[in-house]
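Trainee:
2 protein chains.
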Amino acid sequence: MDSESTVVVGHTRPDADSVCSAIAFAALKSAEGTPTTPLIQGPINAESEYLLERFEVSVPEERRTVGDYDVILVDHSERDQAPEDLSPDQLRGIVDHHRIGDLQSSRPAFYFADVVGCTATLIHELAERREVSLDRSTRGLMLGAILSDTMLLASPTTTDRDRDASAALAESLAVDREDFGQKQFEAKSTVGSLPPSEALKGDLKVYDTSHGAVAIGQIEVADSEAILTEKGAYIEAMEQLQDEGDYHGVVLLVTDIPAKGSHVLVVSTDDSAYESALDITLSDRSQFVDGLLSRKKQVVPPLLEAFGSSKLT
Amino acid sequence: MDSESTVVVGHTRPDADSVCSAIAFAALKSAEGTPTTPLIQGPINAESEYLLERFEVSVPEERRTVGDYDVILVDHSERDQAPEDLSPDQLRGIVDHHRIGDLQSSRPAFYFADVVGCTATLIHELAERREVSLDRSTRGLMLGAILSDTMLLASPTTTDRDRDASAALAESLAVDREDFGQKQFEAKSTVGSLPPSEALKGDLKVYDTSHGAVAIGQIEVADSEAILTEKGAYIEAMEQLQDEGDYHGVVLLVTDIPAKGSHVLVVSTDDSAYESALDITLSDRSQFVDGLLSRKKQVVPPLLEAFGSSKLT
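Sequence lines, in order, name chains A and B. In this text, residue positions in the first sequence follow UniProt numbering: the first is 1, and each later residue adds one. In this text, residue positions in the second sequence follow UniProt numbering: the first is 1, and each later residue adds one.
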């Protein structure tokens with residue numbers, strides 16, 4: 001990369017959408033005549049690894065800083081998820097499907113965000129609109145990102161635009177969308193399986209409430225049985241985490257993608273408060289909830305409402 | 001408006017783009033099934049008055065607060081230009097052509113911004129893409145906004161997208177674009193003409209520099225002769241403003257739209273510094289500069305560079 005280059009980068013702790021959308025938007029910009037390089041800010045996860053290998057795309061360069069490059073962000077607009085040294089002078093654009101965050105640009109810039117399930121859906125729409133045809137590998141990564149972020153189009157965040165984009169991409173690739181997604185989630189579950197204490201911390205979010213801090217983790221799997229046979233070890237890891245963090249409670253969602261629901265595991269100082277907030281009845285510390293797929297939409301709001309939220313930490 | 005309504009509002013001290021884009025985007029949202037009302041945050045200027053009268057559109061309700069409504073902003077993304085009581089919970093979208101500012105939303109939201117000359121250009125593109133046909137009055141206001149923000153497509157901020165949008169709108173209205181714009185600027189110059197001291201303060205921006213504060217005003221007219229015959233009164237008003245604000249200098253651009261250039265008037269404690277920074281030679285405190293139309297792009301950067309900029313105030 002020379003000093004005139006533009007880079008595209010997703011958020012820290014990259015997921016499939018962050019990695020694949022960075023690659024896809026860099027391909028779109030490059031095809032339009034602005035040579036653009038994708039970056040990642042940390043190691044890729046098992047799902048991204050599977051997608052990159054399947055479509056024979058090399059892993060983007062990993063950096064936490066962007067030096068003097070022009071910068072486009074995908075899949076976030078948050079200072080604390082952006083490259084450490086990013087300045088308002090460098091920010092040239094954002095493509096995102098989250099809230100409007102706290103990043104600013106000093107000059108007019110491109111910003112395209114909407115309430116859809118996946119950033120890659122928006123990039124697919126931009127490519128269509130601008131009549132840029134992206135290569136097969138890039139289209140494969142975009143399909144993978146959409147199926148990941150929407151949990152095979154079953155998450156309540158899924159919109160018709162995600163369904164349309166993924167259908168168009170699957171058709172152009174001549175793959176069966178359901179089969180593609182199923183294989184991807186199986187790979188995610190088997191590649192790089194972790195011990196319970198690490199699996200629990202892999203995607204953990206902590207919220208302040210007036211009752212104390214609450215930690216909520218989520219593990220998405222193609223078959224929840226493998227996790228549930230180790231339930232004792234998971235509960236133990238959750239108890240240890242509760243002690244370490246002095247948490248009011250630790251909630252773990254073991255989300256079974258094919259079953260379209262989650263096993264909710266709870267370790268807390270007041271189980272009945274969690275049962276009441278989440279409308280569940282714990283049996284041996286867990287309950288399966290049909291249709292529960294989204295932590296952000298289905299778990300965090302009722303818990304924060306019941307406990308008196310303060311801010312996200 | 002009931003409590004379920006959505007409102008669209010531009011920035012404080014509304015200009016034609018802020019007023020017309022609010023009306024146009026509200027029309028687009030309403031046509032799509034979300035009843036949406038445009039608002040303004042202050043009295044409209046002479047140009048907006050002319051456009052609304054010409055297309056028989058009533059002046060939007062004027063309010064500085066938005067209560068509980070869902071809010072979409074047009075033509076800015078700045079807290080200090082937004083309704084005073086706007087909270088992140090209410091912000092549903094932004095359409096803009098300025099920098100990415102300091103406003104945040106608590107939920108995922110729509111954001112469409114790009115480096116074009118006018119917000120109405122982006123709204124025209126959205127309407128085309130979504131296949132929504134807006135009525136004649138709305139299209140007239142959008143054309144007026146584009147011709148205003150781009151100074152009849154002559155400003156250096158003008159892009160091919162502004163040219164395309166305004167050409168398409170003019171064609172659909174069966175009006176001659178140049179003639180339409182000329183009439184609009186004549187109306188702007190004659191409707192509500194002000195005494196020099198008020199005209200000077202009508203669109204004044206103040207910048208901190210390491211030499212002290214610098215105030216830069218701009219007046220856009222269809223015929224600069226009328227202003228220049230009062231040059232003495234303008235210089236007097238600038239001197240008085242310099243005293244009041246303890247400014248290092250006061251610069252006034254009298255921009256002659258048909259002539260595609262500006263008379264630069266300077267009152268300062270060090271004229272030669274302004275001459276050198278702006279590459280002009282003052283004669284009786286002024287010089288006409290061919291092609292000088294944009295304060296933001298052609299006057300502020302060289303001045304801040306020469307004087308050592310700090311922040312915009």
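Even glycine gets a Cβ: it sits at the ideal position worked out from N, Cα and C.
1. Using the three-state DSSP reduction, which class does B/G117 fall into: helix, strand or coil?
2. Are at least three pairs of beta-carbons, each pair with one atom in the segment 79-92 of chain B and one in the segment 79-86 of chain A, less than 8 Å apart?
3. Name, please, each residue of chain A whose Cβ falls closer than 9 Å to the Cβ of B/D102.
4. Using CA atoms only, rank isn't needed, just tell me which of B/K260, B/S197, B/Y69 is closest to B/V250.
5. Can you tell me where the beta strand (DSSP E) holding B/V250 begins and where it ends?
6. Between the Cα of B/E32 and the Cα atoms of B/H98, B/E131, B/E78, B/L103, which residue gives the shortest distance?
7. With 9 Å as the C-beta to C-beta threshold (strictly closer), list the residues of the segment 108-137 of chain B near chain A in chain order.
8. Grab me the residues of A/S105's own chain with a C-beta within less than 7 Å of its C-beta, minus the 5 sequence neighbours each way, in chain order.
9. Can you tell me whether A/S18 is buried or exposed? The criterion is at least 16 other CB atoms within 10 Å of its CB, across all chains shown.
10. Can you list, in chain order, the residues of the segment 43-71 of chain B whose Cβ is nearer than 9 Å to any Cβ on chain A?
11. Does B/G217 come out as helix, strand or coil in the three-state DSSP assignment?
12. On a Cα-Cα basis, can you pick out the residue from B/L293, B/F288, B/A273, B/I280 that is closest to B/A306?
13. Residues of chain A with CB closer than 8 Å to the CB of B/H98, please, in chain order.
14. Please classify A/L122: is it buried, with 16 or more other beta-carbons within 10 angstroms of its beta-carbon, or exposed?
15. Looking at C-alpha atoms only, which residue of B/A109, B/V57, B/I257, B/G245 is the closest neighbour of B/L147?
16. Taking all protein chains shown into account, do 16 or more other C-beta atoms lie within 10 angstroms of the C-beta of B/D135, making it buried, or fewer, making it exposed?
17. For A/I146, would you say it is in contact with chain B, using Cβ-to-Cβ distances shorter than 8 Å as the test?
18. Would you report the Cα separation of A/R177 and A/D149, rounded to the nearest angstrom?
19. Quick check: the Cα distance between B/V59 and B/E49, rounded to an integer number of angstroms?
20. Can you name the residues that DSSP bridges to A/K296?
21. With 8 Å as the threshold, decide whether the Cβ of B/L91 is near any Cβ in chain A.
22. When DSSP builds the beta bridges, which residues end up paired with B/T36?
23. State the Cα-Cα distance for the pair A/D246 and A/A213, rounded to the nearest angstrom.
24. Would you tell me roughly how many angstroms separate the C-alpha atoms of A/C118 and A/Q298, rounded to the nearest one?
25. Report the option in B/F110, B/P35, B/L39, B/S5 whose CA atom is closest to the CA atom of B/P14.
26. So which residues of chain B does A/I94 contact, with C-beta pairs closer than 8 Å?
27. Could you check where the beta strand (DSSP E) with B/L73 kicks off and where it finishes?
28. Does any residue of chain B bring its CB to less than 8 Å from the CB of A/V8?
29. How is the beta strand (DSSP E) around A/K205 delimited, first residue to last?
30. Once you ignore the five residues that flank A/E230 on each side, which residues in its own chain have a CB closer than 8 Å to its CB?
31. Distance, Cα to Cα, A/T159 vs A/D96?
32. Which residues mark the beginning and the end of the beta strand (DSSP E) in which B/G93 is found?
33. Go ahead and pull the three-state DSSP assignment for B/D246.
34. What would DSSP say about A/S30, mapped onto helix, strand or coil?
35. Quick one: is B/Y174 buried, meaning 16 or more other Cβ sit within 10 Å of its Cβ, or exposed?
36. In chain order, what residues of the same chain have a beta carbon less than 8 Å from the beta carbon of B/L304, not counting five sequence neighbours either side?
Mentor: Considering the structure as presented:
1. To locate residue 117 of chain B, count along the second sequence from 1; it is residue 117. Here B/G117 carries a coil assignment [DSSP, helix/strand/coil].
2. No, the segment 79-92 of chain B is not in contact with the segment 79-86 of chain A.
3. Position 102 of the second sequence, counted from the start, is the residue given in the question as residue 102 of chain B. What B/D102 touches in chain A: D102, Q104.
4. To locate residue 250 of chain B, count along the second sequence from 1; it is residue 250. That would be B/S197, whose Cα lies nearest to the Cα of B/V250.
5. Looking up residue 250 of chain B in the second sequence gives position 250. Its beta strand (DSSP E) spans residues 249-256.
6. In the second sequence, residue 32 of chain B corresponds to position 32, counting from 1. Nearest C-alpha to B/E32: B/E131.
7. Residues P108, A109, F110, Y111, F112, A113, D114, V115, V116, R129.
8. Working through the first sequence from its first residue, we reach residue 105 of chain A at position 105. Closer than 7 Å at Cβ, skipping near neighbours: P88, L91.
9. Numbered from its first residue, the first sequence carries residue 18 of chain A at position 18. It counts as buried.
10. Per Cβ criterion, the list is empty.
11. Position 217 of the second sequence, counted from the start, is the residue given in the question as residue 217 of chain B. Three-state result, B/G217: strand.
12. Along the second sequence, read from residue 1 onward, the residue named residue 306 of chain B stands at position 306. It is B/A273 whose Cα lies nearest to the Cα of B/A306.
13. If you number the second sequence from 1, residue 98 of chain B lands on position 98. The contacting residues are P108.
14. Here residue 122 of chain A corresponds to residue number 122 of the first sequence, with the count starting at 1. Classification of A/L122: buried, given that the 10 Å Cβ count is 16 or more.
15. Position 147 of the second sequence, counting from 1, holds the residue named residue 147 of chain B. Looking at the Cα atoms, B/I257 is the closest of the given residues.
16. Position 135 of the second sequence, counted from the start, is the residue given in the question as residue 135 of chain B. Exposed, by the Cβ-count rule.
17. Position 146 of the first sequence, counting from 1, holds the residue named residue 146 of chain A. Not closer than 8 Å to any Cβ of chain B, the Cβ of A/I146 fails to qualify, so no.
18. Against the first sequence, residue 177 of chain A aligns to sequence position 177. Against the first sequence, residue 149 of chain A aligns to sequence position 149. C-alpha of A/R177 to C-alpha of A/D149: approximately 14 Å in a straight line.
19. Translated into the one-based positions of the second sequence, residue 59 of chain B becomes position 59. Translated into the one-based positions of the second sequence, residue 49 of chain B becomes position 49. When rounded, the distance between both Cα atoms is 8 Å.
20. Working through the first sequence from its first residue, we reach residue 296 of chain A at position 296. According to DSSP, which records beta bridges pairwise, A/K296 is partnered with nothing at all.
21. Along the second sequence, one-based indexing puts residue 91 of chain B at 91. Closer than 8 Å to some Cβ of chain A, the Cβ of B/L91 qualifies, so yes.
22. Counted from its first residue, the second sequence places residue 36 of chain B at position 36. DSSP lists B/T6 as the beta-bridge partner residues of B/T36.
23. The count along the first sequence starts at 1 and reaches residue 246 of chain A at position 246. The count along the first sequence starts at 1 and reaches residue 213 of chain A at position 213. Distance between the alpha carbons of A/D246 and A/A213 is about 8 Å.
24. For the purposes of this step, residue 118 of chain A is identified with residue 118 of the first sequence, where counting begins at 1. For the purposes of this step, residue 298 of chain A is identified with residue 298 of the first sequence, where counting begins at 1. The alpha-carbon atoms of A/C118 and A/Q298 are separated by roughly 18 Å.
25. By one-based count along the second sequence, residue 14 of chain B stands at place 14. It is B/L39.
26. If you number the first sequence from 1, residue 94 of chain A lands on position 94. I100, Y111, listed in chain order.
27. Translated into positions along the second sequence, residue 73 of chain B becomes position 73. Its beta strand (DSSP E) spans residues 70-74.
28. The residue given as residue 8 of chain A occupies position 8 in the first sequence. Closer than 8 Å: no.
29. By 1-based counting over the first sequence, the position of residue 205 of chain A is 205. Annotation for A/K205: the continuous beta strand (DSSP E) segment containing it runs 204-209.
30. If you number the first sequence from 1, residue 230 of chain A lands on position 230. Only residues of its own chain outside the window of five on either side were considered, and among them P196 have a CB closer than 8 Å to the CB of A/E230, listed in chain order.
31. Residue mapping note: residue 159 of chain A aligns to position 159 of the first sequence, counting from 1. Residue mapping note: residue 96 of chain A aligns to position 96 of the first sequence, counting from 1. Taking the Cα positions, A/T159 is about 15 Å away from A/D96.
32. Residue numbering aside, residue 93 of chain B sits at position 93 when the second sequence is read from its first letter. Counting along the chain, the unbroken beta strand (DSSP E) around B/G93 starts and ends at 91-96.
33. Within the second sequence, residue 246 of chain B is the residue found at index 246, counting from 1. Of the three classes helix, strand and coil, the one that applies to B/D246 here is coil, per DSSP.
34. Translated into positions along the first sequence, residue 30 of chain A becomes position 30. The answer is helix: DSSP assigns A/S30 an H, G or I state.
35. In the second sequence, residue 174 of chain B corresponds to position 174, counting from 1. The residue asked about is misnamed: residue 174 of chain B is Ala in this sequence, not Tyr. Exposure of B/A174 is indicated by the presence of fewer than 16 other C-beta atoms within 10 angstroms of its C-beta.
36. Reading the second sequence from its first residue, position 304 is the one you call residue 304 of chain B. The answer, listed in chain order, is Y207, T209.
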